[in-house]
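Have a look at the structure below before the remarks.
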Amino acid sequence: MRKGSASVPETTSYRQSPLAPLGLAGQAASGLNGAGIGVAEPDFRVLLDLRVELDKQPGAQDAVEKVLGLRLPETANTATGNAERHALWLGPNEWQIVIHDSRPEAGREWTAKLREALQGIFCAVVDVSNAQAILRVTGPAAREVLERAVPLDMHAGKFQPGEVKQTVFGRHCGVTLHLLDDAPTFDIYCRRSFAEYVHAYLKDCARGACEDFAVLEG
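Terminal number for the sequence shown in UniProt numbering: 218, no gaps in between.
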């Protein structure tokens, strides 16, 4: 065997969205076009799990705000944010940070920024972007369709924009629902491995609840 240093070939990073196997991109429309509900898979997002005891770690809120431009919601089952970023309340000491940044290195960079800002504060910041999937559901029949999938009261008086609810979807899938607006538009967060199941279950629930089911651009 000839001795010497072997060169390591460069590797390219390929990313595939959770619903890519369904080939939805070729079916996507720009609008509902009369459909009662539309489902889209948004572009890649950065999803960070942040855990910190705000009442015991003074300065944590200000540190987060300095990096993200938003404060963590302290009211249960609510969200704060803007068009580019959101913080979803998941528990007394836990939040999911959602950042609209599709760059491959974005998760690593935002994790580092938050960790640096929170240096000296007892907390945990973990990038869970590749473990989660997001499905966006919108349209006049969205509440009725979702009510068939989750054991929640989806009435407008019970689930309002800016609220977040964690529940069971279908038979066994845990999800987080975030209501964005009055359209209504919901973002559904689930484990990546359940994304196709959630999409298929939504289609089943839409039958009989609305005229048509549209696949929308992300």
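Think of the CB as a built atom: it goes at the ideal place given N, C-alpha and C, for glycine as much as any other residue.
| Asked | Found |
| --- | --- |
| 3 or more residues per run - each beta strand (DSSP E) lying fully within the segment 128 to 179 | 132 to 138, 164 to 169 |
| Status (buried if at least 16 other CB within 10 Å, exposed otherwise) for residue 119 | exposed |
| Distance, residue 71 Cα to residue 65 Cα | 5 Å |
| Buried versus exposed call for residue 126 [16 or more other C-beta atoms within 10 Å across all chains shown] | exposed |
| Status (buried if at least 16 other CB within 10 Å, exposed otherwise) for residue 25 | exposed |
| Beta-carbon proximity of residue 210 to residue 36, cut-off 8 Å | yes |
| Pairwise C-alpha distance: residue 208 and residue 45 | 33 Å |
| DSSP bridge partner residues for residue 189 (one or two, in chain order) | 134, 176 |
| Cβ neighbour criterion (16 or more within 10 Å) applied to residue 132 | buried |
| Residues sharing a beta bridge with residue 94, DSSP | 51, 91 |
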